[in-house]
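What follows is one structure encoded as structure tokens, with my remarks underneath.
Protein chains: 2
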Amino acid sequence: MNSTTISAISTAPGIGGIAVIRVSGIDAVKHSDAIFVPKKKIASLLHREANTVSFGSIVNKQDEVIDEVLVTIFRSPHSFTGEDIVEISCHGSLYVQQKILQLLIEQGCVLAQPGEFTQRAFLNGKMDLSQAEAVADLIASNSTASHRMALNQMRGGFSGELMKLRSQLLNFVSLIELELDFNEEDVEFADRSKLKTLATDIEQLIARLSDSFQVGNALKNGIPVAIVGETNVGKSTLLNVLLNEDKAIVSDIHGTTRDVIEDSVNYGGITFRFIDTAGIRDTKDKIENLGIERTYQKIEQASIILWIVDCTQLSEHMEWLTERIAKRAEGKKIILVFNKIDKVGEDEREVLDQLFLQFKGERIYISARERINTEGLQKALVNASQLPEIHPGDIVVNNVRHFEALQQALTAIRRVIEGLENGITGDFLSQDIRECMHYLGEITGSISNDEILGNIFGKFCIGK
Amino acid sequence: MNSTTISAISTAPGIGGIAVIRVSGIDAVKHSDAIFVPKKKIASLLHREANTVSFGSIVNKQDEVIDEVLVTIFRSPHSFTGEDIVEISCHGSLYVQQKILQLLIEQGCVLAQPGEFTQRAFLNGKMDLSQAEAVADLIASNSTASHRMALNQMRGGFSGELMKLRSQLLNFVSLIELELDFNEEDVEFADRSKLKTLATDIEQLIARLSDSFQVGNALKNGIPVAIVGETNVGKSTLLNVLLNEDKAIVSDIHGTTRDVIEDSVNYGGITFRFIDTAGIRDTKDKIENLGIERTYQKIEQASIILWIVDCTQLSEHMEWLTERIAKRAEGKKIILVFNKIDKVGEDEREVLDQLFLQFKGERIYISARERINTEGLQKALVNASQLPEIHPGDIVVNNVRHFEALQQALTAIRRVIEGLENGITGDFLSQDIRECMHYLGEITGSISNDEILGNIFGKFCIGK
């Protein structure tokens, strides 16, 4: 167990009604007690029972009262970090928060690194690595789906299953390695057919988890939507309208696991990440063609294409465009959006429909500026996303690190199955099983190193 | 006691490691218990002891887990509001915070109004009105001085004294009013000389408190500093330099008792509020003269004048200017600031000094752009502020409402003293004493009405 006692402000930065300063480590109670004067002359914090709250004052060395606070004590090992924890709930003034933190540091506390409380929880065996990662995901969650994924993972959703598989593999590999010791006697302790059944089960489970990453990643990072069309058809106006609806919750994310997500928005629990593009047109200008080439690349990165057409200005090369976009967007959802619909009559609308007879996908009529049917467009996006709903308890991988480890584990377990079919020797078999175990262990943190931990916890906010 | 149960997010808005949702009212425990599943199958929240913490999950009606939380219970009357309080400490995700609040509201909680928790504390007799106001001041405090003032007031600093005086006055006024009942018998129950001693003591105390407002107001709202000078002498550059040093803590104030304070900065625990002004010059242009007139008005509003002179461009009407500014700034601290000092040599500096022989105040040589000696200017400002240091326990009035009530009480108590000297009749005396008592009561909230309360608590943040 770590010998330092850490402290940090754990609530959101800024001024609030109250703020919470958290202290964790062997001297958490001692250091807090040194700056705390209980209201009632009850026993000092040192003798307070675990999971109780005391009212009193925080005082500095000159006995000047800094604030009146509530102090909650948790005792090792029954705490978030597994260490003694003290939570000081003070008035939410920036000045008071800083002052109390300063007093704790004067007593000997160390300012906590980002994610250090959760890292200690992991190191003290209170949770495995994938659960620790889910804590950050939970804090960053901004939709029903991302919240459910994070919570399922934090509550041990898939790491429990991985650990079980891993220990079954360990059983077999031990038997196989025992065989190797009796090499010359040609014994077979490990039942090859049972091993094959297990390996096949494991392969299927890993493949299922690994496949879920596509959905998990889209839910976590948003579904990329490219907005394409000719110049001046109203792409930027539409983008603004789409973004204005529900921006607050997304734009507020900072200091958490991900960088600030701009131009993302949440409809029906699904996050869409909009990609604005340069207008496409038929031109000989080399520079402009470079820009258009980039638009095509963005189309390829997107899952959904919003193809915007200005009803009032149908260009003569609509057919040419239709072809170009369709070619680049193969296999993707295209929604044809007729913009400025308020400016045209019924007749013109029929002409429009005729013009795009070739186009088989969904079409929708809106006015971005007048906000006509933009809600319909949002619904069309939700339908086009084709994401399965995440139910409480569903296990979905949404972490690139886990996905990569699963891919490696999958390759290894497939080699095991292949090896069993080809009757390879125990030493090769053992090596492949060990490799699979290694990658499963990386996910839960049974196998970890400082670099991995630094990468993971460095992205947390301070105070968690 | 109020029949509704209120709830709000009490920590700063945004994402943090943890967030706290507060519930207060007769059904606080019941409503929280309805959405809480304890980890250990211990008694439900309904039977948990006061001041204890329980670990468990918040679940919705479909039994889906929303978050793993810590729930602290406080029981009436031993809580901040005097009612039952439940504090739910959850993961600091915006989604989770909103979701839990939503579940509480589904159970029957009402979203708390700004300051409603503190208002309930006042209405339930947990604190008087001046203490409640100090809670908001404490949250907004951003310097040692403003913090000490708020804390002293919150801990009952001067309301206790006022209440004592008020009850002594009540004693006398009762005796005087008793005399009136025995009107014809010409009795004197109330000892006039003792009353005069008391009234004089009270007059002195109120005068002292009232006088302290000048300091208190400067400390709370900042000392107004006008930056004046001719056009293009570097006023705006200097303002930016002065503001850039320590802006963070000031600019972060929002949603608290005061509006966003712009262009304020904190040096040595004192807040300075800078006022930029239009350049002064001798002109016949009517419009321009209007602007210059506004500059003079700003000089009159300020406590300190920073008079900026460009070393490289001494105008011919320096003497004229000196006279004009000095006339408007009478009784105020003027600091003569020679800017762009890096552009001139020793000789020119001597010429400068000669030019301003008339000027008897402090002078300082800086370069705003090159940041030469700007620290010296900050120190000069701190010295010029001439504010006494606030010590722990010092009673300083910093609230306009209190100041106005004190002024009224002072007028009334002076009429009492005068009346005693002139031997006025008991009924007039009684009326003046009652008036003094009324204004003292307004401060502590013994006398209050919905409008006053609405004004006070409406400026709080939600969740406090």
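So the sequence lines, in the order shown, correspond to chains A and B. Each residue of the first sequence is one higher than the last, beginning at 1 in my numbering. Each residue of the second sequence is one higher than the last, beginning at 465 in my numbering. Beta carbons: idealized from backbone N, C-alpha and C, even for Gly. As the structure is a computational prediction, the values presented were derived from the model and not from experiment.
Minimum Cβ-Cβ distance from residue i to chain A less than 7 Å
i: Cys-925 of chain B; result: yes
i: Pro-856 of chain B; result: yes
i: Thr-735 of chain B; result: no
i: Leu-917 of chain B; result: no
i: Leu-602 of chain B; result: yes
i: Gly-489 of chain B; result: no
i: Lys-928 of chain B; result: yes
i: Asn-606 of chain B; result: yes
i: Thr-545 of chain B; result: no
i: Gly-556 of chain B; result: yes
i: Thr-747 of chain B; result: no
i: His-611 of chain B; result: yes
i: Thr-664 of chain B; result: no
i: Thr-875 of chain B; result: no
i: Ser-910 of chain B; result: no
i: Thr-536 of chain B; result: yes
i: Asn-913 of chain B; result: no
Selection from the options that minimises the alpha carbon distance to residue i
i: Arg-273 of chain A; options: A:Asn-221, A:Ile-100, A:Arg-22; result: A:Asn-221
i: Val-37 of chain A; options: A:Glu-49, A:Ser-57, A:Gly-25, A:Ser-24; result: A:Ser-57
i: Ser-24 of chain A; options: A:Phe-117, A:Glu-319, A:Ile-341; result: A:Phe-117
i: Gly-795 of chain B; options: B:Lys-824, B:Ala-663, B:Val-815, B:Lys-628; result: B:Lys-824
i: Phe-80 of chain A; options: B:His-542, B:Leu-534, B:Thr-908, B:Ser-540; result: B:Leu-534
i: Ser-518 of chain B; options: B:Lys-505, B:Val-861, B:Asp-527; result: B:Lys-505
i: Gly-927 of chain B; options: A:Gln-408, A:Ile-105, A:Ala-19, A:Leu-406; result: A:Ala-19
i: Tyr-439 of chain A; options: A:Val-110, A:Ser-143, A:Gln-408, A:Leu-170; result: A:Gln-408
i: Gly-907 of chain B; options: B:Cys-573, B:Ser-894, B:Val-808, B:Ile-670; result: The question names Gly, but residue 907 of chain B is Ile in the sequence shown. It is B:Ile-670 whose Cα lies nearest to the Cα of Ile-907 of chain B.
i: His-855 of chain B; options: B:Lys-791, B:Phe-820, B:Asn-524, B:Ser-607; result: B:Ser-607
i: Gly-680 of chain B; options: B:Ile-739, B:Leu-639, B:Gln-632, B:Ala-598; result: B:Ala-598
i: Val-692 of chain B; options: B:Asp-675, B:Leu-673, B:Ser-767, B:Ile-751; result: B:Ser-767
i: Thr-5 of chain A; options: A:Ala-43, A:Gly-269, A:Ile-85; result: A:Ile-85
i: Pro-688 of chain B; options: B:Val-861, B:Ile-888, B:Asp-896, B:Ala-793; result: B:Ala-793
i: Thr-664 of chain B; options: B:Leu-874, B:Ser-910, B:Cys-925, B:Ile-888; result: B:Leu-874
i: Asp-740 of chain B; options: B:Asn-588, B:Phe-677, B:Thr-701; result: B:Thr-701
i: Asn-266 of chain A; options: A:Leu-219, A:Asp-310, A:Asn-232; result: A:Leu-219
Cβ of residue i within 7 Å of any chain B Cβ
i: Tyr-95 of chain A; result: yes
i: Ser-7 of chain A; result: no
i: Leu-129 of chain A; result: no
i: Ile-456 of chain A; result: no
i: Gly-16 of chain A; result: yes
i: Lys-247 of chain A; result: Caution applies to Lys-247 of chain A, whose pLDDT of 36 falls short of 50 and renders its modelled position unreliable; the model cannot decide the point.
i: Asn-383 of chain A; result: no
i: Thr-4 of chain A; result: no
Residue i: first and last residue of the uninterrupted alpha helix (DSSP H) it sits in
i: Arg-148 of chain A; result: 144–154
i: Phe-867 of chain B; result: 864–886
i: Thr-838 of chain B; result: 838–849
i: Asp-201 of chain A; result: 192–221
i: Ile-640 of chain B; result: 623–645
i: Ser-521 of chain B; result: That residue, Ser-521 of chain B, is in no alpha helix (DSSP H); its beta strand (DSSP E) goes 516–523.
i: Ala-278 of chain A; result: Counting along the chain, Ala-278 of chain A falls outside any alpha helix (DSSP H), and DSSP gives it neither H nor E.
i: Glu-597 of chain B; result: 593–604
Amino acids of chain D, ordered along the chain, whose beta-carbon sits closer than 8 Å to that of residue i
i: Val-20 of chain A; result: Of the chains in the structure shown, none is chain D; the protein chains are A and B.
Residue i, enclosing beta strand (DSSP E) - first and last residue
i: Val-501 of chain B; result: 500–502
i: Asn-730 of chain B; result: 728–731
i: Arg-363 of chain A; result: 362–365
i: Arg-486 of chain B; result: 482–488
i: Ala-472 of chain B; result: 470–473
Residue i beta carbon near the ligand HEM (any heavy atom closer than 6 Å)
i: Val-550 of chain B; result: The ligand HEM is absent from the structure shown, which contains no ligand whatsoever.
Which full runs of the beta strand (DSSP E) of 3+ residues lie inside the segment 764–821 of chain B, going along the chain? 768–774, 797–803, all fully within the segment 764–821 of chain B.
Hey, which unbroken runs of the beta strand (DSSP E) at 3 residues or more fall wholly within the segment 532–583 of chain B? 549–555
Complete runs of the alpha helix (DSSP H) confined to the segment 424–451 of chain A [at least 4 residues]: 426–444
Please name the residues in the segment 501–530 of chain B whose beta-carbon is closer than 7 Å to at least one beta-carbon of chain A, in chain order. Asn-515, Thr-516, Val-517, Glu-528, Val-529
Residues from the segment 153–168 of chain A in contact with chain B, defined by Cβ distance under 9 Å: Met-154, Arg-155
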